[in-house]
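Count the sequence shown with numbering that gives the first Met the number 0 and you get residues 0 to 79, in order. All residues carry an ideal CB built from backbone N, CA and C; glycine is no exception.
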Amino acid sequence: MSSKVELNKNGRPVNWHGQCWTYYKRMMEFGFADKDVLEYATGKETLASSADDAAKKKFADAQMKVEHLIMASVTGLVSS
């Protein structure tokens with residue numbers, strides 16, 4: 000196993016095996032910000048219990064982007 004974190008063509012970490020957590024976290028924050036979902040990923044943006052359908056859809060879409068970026072980083076998938 001390599002001790003270096005590999006980056007995909009978009010600069011996101013892939014095949015991360017627990018090394019250099021600070022670096023990985025910061026690179027993921029850049030990726031979340033690039034996709035406009037950083038607030039959702041960090042928990043600063045939450046879904047209100049009184050949210051309407053449009054807000055629920057926006058939140059669900061953002062959560063899906065967050066999950067996709069995380070999965071892509073640990074499986075080596077290239078996300079665009």
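Backbone secondary structure at residue i - three-state DSSP
{"i": "E44", "result": "coil"}
{"i": "V36", "result": "coil"}
{"i": "A61", "result": "helix"}
{"i": "A50", "result": "coil"}
Selection from the options that minimises the alpha carbon distance to residue i
{"i": "Q62", "options": "L37, A53, S72", "result": "L37"}
{"i": "I69", "options": "K56, K24, C19", "result": "K24"}
{"i": "K57", "options": "E5, D35, K8", "result": "D35"}
{"i": "C19", "options": "E5, F31, F29", "result": "E5"}
{"i": "T41", "options": "A47, F31, S48", "result": "F31"}
Bridge partner(s) assigned by DSSP for residue i
{"i": "V13", "result": "E5"}
Cutoff 6 Å; reference residue i; Cβ partners in own chain excluding five residues on either side
{"i": "A53", "result": "none"}
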